[in-house]
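These notes are about the structure you will find just below.
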Amino acid sequence: MSVKYESQLREPLVYGDKTYHQVTEDIVRPIEAKPSKLWYIGFYIAVALLLFGVYSVYREVTYGIGQWNLNKTIGWGWDITNFVWWVGIGHAGTLISAILLLFRQGWRTGVNRAAEAMTIFAVMCAGQFPIFHMGRVWMAFFVLPYPNTRGPLWVNFNSPLLWDVFAISTYFTVSLLFWYSGLLPDFATVRDRAFTKLRKRLYGIAAFGWTGSTKHWQRHESLSLVLAGLSTPLVLSVHTIVSFDFATSVIPGWHTTIFPPYFVAGAIFSGFAMVQTLMVVVRKVFGLEDYITMGHIEAMNKVIVLTGSIVGVAYLTELFMGWYSQNKYEGYTFWYSRANLFSPYGWSYWGMMACNVLSPQIFWFRKMRRNLFVTFFMSVIVN
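Count along the sequence shown from 1, add 800, and you get the number used in this note's numbering.
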């Protein structure tokens, strides 16, 4: 009697040797069943944070941008900080969807939906902050290059603010198409299982008549590859343009050519950390441990330690150039204002170094990469 042995080179992407029917049941259950207590807890926390954000924006619009400590000498405040952060965390979704698809990385399928959805909402949030930064929100359309009757008064194409408009709108459009096209088979699955006419009708409209035929899958694959090809340059270009908000200024410490690659690496770093934060919570709340496996968690932690190290090199390069250039303004900015532990910004600078550069190095150890508590804690620390 022969015995069958299997030598597995990689961990399975789905645990439990499940059938397609079991996979469908497990994935659709959160949509069809009533929300759990954990879901309600997360929802109430999110609503509380949203209301606090609405109140903050209300004060800024009502009383002016001075609420963000903007004045004659401080041109940017919380607005540019939040803008860069929101755009940054959105990069993980595009990278997981586009670049990992082109490289045929099968593990992306466990996390790409959540990462893409995070990208959509992150870009929507990011696009608001340049508008609020202008103070008069109701005049935001002035930054759009539309036909008007103001004669020679038009948008300034040399302004990074206008570059942001084009970058964010393009990024949002392509990301939305990528996210929605990937959901078509899922909408069709939920449509076919719908138990009310209204539910069936709504999901039927969302599914665009998807039948699951060979022709549909062929076109879906072709569209995914085309969108991946369009999205891949966006991963590099969008945050490069965002970095120009700083790099095109004359402020010491900002006027530097290292910002584009530095910002792109930092965006991927921050984005993957945010995906980890969400995935650890989602797999617990919705019981998806068999689909978001420790293999997925470990793979993303490897990307975090890589990009965190690249960001660390960028930080050290800034310090080196502040010394090597012998420019007194650059030297003051990097060595006295930031690197000096006893300066007003010393604590925040070294806190940033500890969180973004030193802490991810723990993921060199496989045991740490596969530890959920360490992963969640480090993902929060990074962001």
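Heads up, the beta-carbon is just placed ideally off N, CA and C, and yes, glycines get one too. The structure presented is a predicted model; accordingly, all values stated were derived computationally and were not measured.
Asked: Selected residue, minimal CA-CA separation from residue 839, among 1065, 973, 1086; Found: 1086
Asked: Cβ shell of residue 810 (< 8 Å), same chain only, five flanking positions each side left out; Found: 1095
Asked: Between the CA atoms of residue 818 and residue 801 - distance to the nearest angstrom; Found: Its pLDDT being 47, under 50, residue 801 is placed unreliably by the model, and nothing is read from it.
Asked: Residues of its chain near residue 1030, where Cβ-Cβ distance is below 7 Å and the 5 sequence neighbours each way are ignored; Found: 974
Asked: Boundaries (first-last residue) of the alpha helix (DSSP H) holding residue 830; Found: 820-832
Asked: Residue from 849, 964, 1091, 1036 with nearest C-alpha to residue 898; Found: 1036
Asked: Straight-line Cα distance separating residue 1155 from residue 1181; Found: 6 Å
Asked: C-beta contact flag for residue 1112 and residue 1157 at 7 Å; Found: yes
Asked: Range covered by the alpha helix (DSSP H) that runs through residue 1107; Found: 1094-1124
Asked: Runs of alpha helix (DSSP H) lying entirely within the region 937-1008, each at least 4 residues, in chain order; Found: 960-993, 997-1007
Asked: Residue from 1025, 1057, 896 with nearest C-alpha to residue 1040; Found: 1057
Asked: Residue 1101, buried or exposed, once every other Cβ within 10 Å from all chains shown has been counted against 16; Found: buried
Asked: Contacts around residue 816, its chain only, beta-carbon distance under 6 Å, and the 5 residues preceding and following it disregarded; Found: 1090
Asked: Span separating the alpha-carbon of residue 847 from that of residue 825; Found: 29 Å
Asked: Residue nearest to residue 882 in terms of C-alpha spacing, selected from 932, 952, 1049; Found: 932
Asked: Reduced DSSP secondary structure (H/G/I, E/B, other) of residue 1047; Found: helix
Asked: C-alpha gap between residue 1171 and residue 997, whole angstroms; Found: 44 Å
Asked: Burial state of residue 821, where buried means 16 or more other Cβ atoms lie within 10 Å; Found: exposed
Asked: Backbone CA spacing between residue 867 and residue 880 [nearest angstrom]; Found: 14 Å
Asked: Nearest residue (CA-CA) to residue 884, options 954, 928, 893; Found: 928
Asked: Backbone CA spacing between residue 1043 and residue 989 [nearest angstrom]; Found: 42 Å
Asked: CA-to-CA distance, residue 1183 to residue 968, given in whole angstroms; Found: 21 Å
Asked: The region 846-863 contacting the region 940-951, beta-carbon criterion three pairs below 8 Å; Found: no
Asked: Cα-Cα separation between residue 1121 and residue 953, rounded to whole angstroms; Found: 40 Å
Asked: Cβ-based burial, residue 900 [other Cβ within 10 Å; buried from 16]; Found: buried
Asked: Residues near residue 896 by beta carbon distance below 6 Å, same chain, minus five either side; Found: 908, 912, 915
Asked: Meets three-Cβ-pair contact criterion under 8 Å: the region 1074-1084 and the region 1145-1153; Found: no
Asked: Nearest-angstrom Cα separation, counted from residue 1009 out to residue 987; Found: 10 Å
Asked: Own chain partners of residue 1080 with C-beta closer than 7 Å, once the 5 adjacent residues on each side are dropped; Found: 1172, 1175, 1176
Asked: Span of the alpha helix (DSSP H) around residue 898; Found: Here residue 898 belongs to no alpha helix (DSSP H), and DSSP marks it neither H nor E.
Asked: Alpha-carbon spacing of residue 1169 relative to residue 1097, whole angstroms; Found: 7 Å
Asked: Where residue 1058 sits in the DSSP three-state scheme; Found: coil
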